[in-house]
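Structure first, commentary second.
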Amino acid sequence: MRANPGNHWLLASTAAALLGVAISIKLIPLLILPLCAFALRRRAPVLLLSLALPAALGLLYGYPQVPIWDSLGNFAHVTRLNDLFWWLIEETVWPNPRQKNYRYNVIIIAAVCSISLLFWRNWRRGLLWVLGTATILTPVLHPWYLTWLLPFAAWRRAQPWQVLSVSLFAYYLFWNERLFWLPWRSEPWLRAIIMLPPLVALLLFCLTRGTARLRQIPP
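Here the sequence shown stands for residues 2 to 220, where the numbers follow the numbering used here.
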């Protein structure tokens, strides 16, 4: 029995509405929008609902200026916290003395679009890759950002991301109120506390996967 096409459109519209609600809460789910467009294929137009819903909810905070986005732009422009990748680039080949993030945001968008195109046939795997890439490339990484990634990490059984969601809280042990207002750079030992556990978990994860594949090869 063939599935009713109307049910597919209903499911797609419901998913688009839920994605719109998520975007209204935090802009991070906006990153998976290109991949969702590939996954939905001819039903991709329903994703307009994912953009219209947060825009409509934003009007509740002031019309016609809609100032809800102003604080986000001002905060993200110069803040730096727990970056996993750019600190190494800045210390070696690409200095950024003012620690402005706008150029990194462009790179994140380009990387997300490229990965979405790469995984357009396997969107389930691509969801984790998109959010994982954004997590690595983001110049501001609060521990609660990983709550958006953890469901996909558990779904794909990617333990390194789950370990990072725990080790990232280490910076709270050395809390300073300036973290949210001034450029702040972690000490190397603090970066090691945060990054070494997930790297070890990644190594074990790869070894386990490799061993499992070798066992499946007939003698």
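Ideal Cβ placement from N, Cα and C applies to all residues, glycine included. As the structure is a prediction and not an experimental result, all values here were calculated from the model.
Residue closest to residue i, alpha-carbon to alpha-carbon, out of the options
i      : options                           : result
LEU222 : ARG157, LEU174, TRP156 and LEU142 : Residue 222 is absent from the model: the chain starts at 2 and stops at 220.
ARG192 : ASP84, VAL22 and VAL47            : ASP84
ILE24  : ALA45, LEU58 and VAL107           : LEU58
TRP121 : ALA40, PRO96 and TRP149           : ALA40
LEU82  : ARG210, GLY211 and ILE195         : ILE195
CYS37  : LEU197, THR148, THR139 and VAL113 : VAL113
DSSP state of residue i mapped onto helix, strand, coil
i      : result
MET2   : Because MET2 sits at a pLDDT of 41, beneath the cut-off of 50, its placement in the model cannot be relied upon, and the point is left open.
LEU204 : helix
VAL141 : strand
LEU28  : coil
HIS9   : helix
Proximity test, Cβ basis, 8 Å: residue i and chain B
i      : result
SER166 : The structure shown contains no chain B, having only a single protein chain.
Per-residue burial, residue i [other beta carbons within 10 Å of its own, 16 or more giving buried]
i      : result
PRO161 : buried
TRP87  : buried
ALA17  : buried
MET2   : Since pLDDT at MET2 reaches only 41, below the 50 mark, its modelled position is unreliable, and the value read off the structure follows with that caveat. Per the 10 Å Cβ criterion, exposed.
THR212 : exposed
ILE109 : buried
Element boundaries [alpha helix (DSSP H), containing residue i]
i      : result
ASN106 : 103 to 119
ALA154 : 151 to 156
GLU188 : Per DSSP, GLU188 belongs to no alpha helix (DSSP H) and is neither H nor E.
ALA53  : 49 to 59
TRP88  : 87 to 93
PRO98  : No alpha helix (DSSP H) contains PRO98, which DSSP labels as neither H nor E.
PRO161 : 160 to 168
LEU36  : 34 to 41
Contact belief for residue i with residue j at Cβ below 8 Å, rounded distance in angstroms
i      : j      : result
LEU129 : ALA111 : Actually they are not in contact, since the Cβ atoms of LEU129 and ALA111 sit about 19 Å apart, beyond 8 Å.
LEU32  : ALA135 : 5 Å
TYR146 : ILE29  : 7 Å
LEU119 : LEU132 : Their Cβ separation, rounded to whole angstroms, is 14 Å, which puts LEU119 and LEU132 out of contact at 8 Å.
SER14  : LEU52  : Incorrect: roughly 14 Å between the Cβ atoms, too far for contact.
Distance cut-off 7 Å: residue i Cβ against heavy atoms of the ligand GTP
i     : result
PHE86 : With respect to small molecules bound, the structure shown includes none, and the ligand GTP cannot be examined in it.
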